[in-house]
Amino acid sequence: MPELAPPPESLARPDLVCSGSPYELGLAQGRALAAHIKATRKDLSKLELFRLSQPWWLPYGVYRGLAERRARKLLERPLRRDHPKGAERLSGIAAGAGLTLDSVILLNAFESFMSAARERCTLPSPAACSAIALRGARTESGEPVITRLFDYIPLAQPYFTVRETRPEGGFRSLDFTVAPLAGAVDGINERGLAITYNYAYTQDEGRPTGPISLAISEALERCGTVAEAASLISSRGRWGGGILMLADAGGDIASLELSSTAAKLRRPADGEDAIFHTNAFSTSEMRAVELPAGAVFDARAPRALRGRRVHESAERRSARIRELFADPARLGPGEILSRMADHGKEGKPADTTVCVHGSFWHTTAVLQYFPRSRRMRASFTTACAPKFRDLAL
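With the working numbering applied, the sequence shown closes on residue 1211, and no number is skipped along the way.
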C-alpha cells in the first residue's frame, strides 16, 4: 500500500516562521536564532577549513575580524546587485542577531568560498551529499519523491533548522537551512516545487557574488515548476558549484548542474522515472568546468583528506546508488530511505558509502520531499538511524 501523509495532528511545527518583506524575514530569523547564529560564529575557531589560512603569528580574533571585513568588502556590492532581496535578508539577520553585517556575510559566504576551486581545490567543499528523485512507476503512490542525504561537517549539525518562509507577495515554503543562512539549502513551496542542493567541484572563474542558496530561495518564492526554477536559477549570478535536484507536483524531475559560469539541466532518460546525483557532474558540458578526475587534496587541505582523490567518494557513491536502484520496483518512502542508508556490500560504513560515516564528512541530515502533498520529512541524523519530523504546508 502507498504510504499516506500523516494526519494533521501528527505534523511537526517548523523551528521558526518568518513573514513579510526580505528585511523582515531576516529580522525574524535573526531574533529567533540569535544564540545559534552567535554560536556558529564562535565555532569558526574550531573549523579547520577556516583556520588553514590563518598565519601562525596572527591572533585568531584579529584573523577572524579581517576575514569578516574582507568578505563584506568583496561581496556586499555584488549581493545587492545580483540578489537584492537576499542582501536585505542578510541585513535583517544581522540586526536580529545583534551582529555586524560583516560577520553574517562571512558565515553566508562559506558555501561559495569552499565549493569554488582554490589552488586546484586545496580546500574541500564542506559537504558531500547524495540525492535521488523517483516518480510514476518507481514510487508506490506515483507521487514524485526526492530523498536527499546531507553529508556535512558534524560541527554544523546543532545549527540545522527548518523554517517556514512567508514572503510578501511570494509563495510560502518550508526550508532546510543553517541558522545564519539567508538562503535555503533545500526546500519545498506551496505550489509543490521541491529543490535540494549538493555541492560540486568546479574550476571555472566567476566573479564573486551571492551563493547558490540565495537563488534557491528566490526560486521557491517565485516558481511552481521544475522548468521555471531551472530557468530562474540558471539566469542568476552565483559563485561556486552545485548540483540541484528538482521535482514538482506535475511529476517533472531533473538534475541541474551549476558552476559560476555555466549551467546544464539533465532529465531522466526516455521511459525512466528515476534520476540521481552525488557531487560529480554527469553532462559533458559541465565536466568541462569540473576539477580533473585525478585532482588530489594536497598538504594545504584538512589532515583527514590529504592525499585523497577529490572525486573518489562521489564516484563510489554514484556507482553504489546505481546498483541499489537498478531494479524497477515501486518503492515507498521507507524503502527508498533504507536503500540510501546503505553501508556498502560489506556493511561497513565509511567515507565512501552512501550513508557517510567519515573522518571529515558525515551524513548529518536526511530529508524527503513530496511535491503533490506539499510535505517534507526531516531528520538531523544519519540515514541509518533516522528520527523524522513530518511537516506540511
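By construction, the Cβ of each residue, glycine as well, lies at the ideal position given by its N, Cα and C atoms. Everything numeric in this text was worked out from a predicted model, so none of it was measured.
- Secondary structure remark: continuous alpha helix (DSSP H) runs of at least 4 residues inside the stretch 882–927, in chain order: 902–915.
- Here DSSP, grouped into helix, strand and coil, assigns Q872 to coil.
- Between the beta-carbon of Y1019 and that of E1108 there is about 6 Å, and that keeps the pair under the 8 Å contact cut.
- As a beta-bridge residue in DSSP terms, N1007 pairs with S991.
- When the five nearest sequence neighbours on each side are left out, the beta carbons in the same chain lying within less than 6 Å of the beta carbon of T1096 are those of S948, A1132, R1135 and S1136, in order along the chain.
- Taken atom to atom, the span from the alpha-carbon of I1061 to that of A852 is near 30 Å.
- Judged by their CB atoms, L1076 and S1031 are not nearer to each other than the 8 Å cut-off.
- Beta-bridge analysis with DSSP links D1208 to R1195.
- S1073 sits in a strand when the DSSP states are folded into three classes.
- Residue range P840 to A850 is occupied by the alpha helix (DSSP H) that includes Q847.
- Taken through DSSP and simplified to helix, strand or coil, E1039 comes out as helix.
- Residue pairing for R1127: DSSP places it in a beta bridge opposite V1114.
- Looking at E1023, G1150 and I964, the one whose alpha-carbon comes closest to that of A1012 is I964.
- For A1065, the secondary structure class from DSSP, reduced to helix, strand or coil, is strand.
- For V1044, the enclosing alpha helix (DSSP H) begins and ends at V1044 to S1053.
- For T1079 and S828, the gap between their C-alpha atoms comes out near 44 Å.
- The beta carbons of P1204 and V1174 sit about 14 Å from each other, so the pair does not count as a contact at 8 Å.
- The alpha-carbon of E894 is positioned some 12 Å away from that of K903.
- A check of alpha carbon separations from P1146 across G1152, A912 and G954 identifies G954 as the nearest.
- Beta bridge pairing from DSSP links E982 with V835 and L992.
- Judged by DSSP secondary structure, I1154 falls within the alpha helix (DSSP H) whose first and last residues are P1151 to M1158.
- The Cβ atoms of R907 and L843 lie closer than 8 Å to each other.
- The stretch 1024–1040 and the stretch 883–902 touch, with no fewer than 3 CB-CB distances between them shorter than 8 Å.
- Nearest neighbour of R1054 by Cα position, chosen from A1045, S909 and A1081, turns out to be A1081.
- For I1093, the three-state secondary structure derived from DSSP is strand.
- At the C-beta level, R1126 and F1143 stay beyond 8 Å of one another.
- Note on geometry: alpha-carbon atoms of L884 and P896 lie some 19 Å from one another.
- Looking at the DSSP output, E1108 bridges to T1020.
- With a contact defined as Cβ atoms closer than 8 Å, F989 and A1196 miss out at about 19 Å.
- Beta-bridge partners of K864 (DSSP): none assigned.
- Closest option to E961, judged by alpha-carbon separation, among M1194, A974 and F928: M1194.
- The C-alpha of L992 is placed about 29 Å away from the C-alpha of E886.
- When DSSP states are grouped into helix, strand and coil, V880 belongs to the helix group.
- Residue pairing by DSSP leaves K856 without any beta bridge partner.
- C1041 and F1188 have their alpha carbons spaced roughly 16 Å apart.
- Here T1014 is near M1063, since their CB atoms are less than 8 Å apart.
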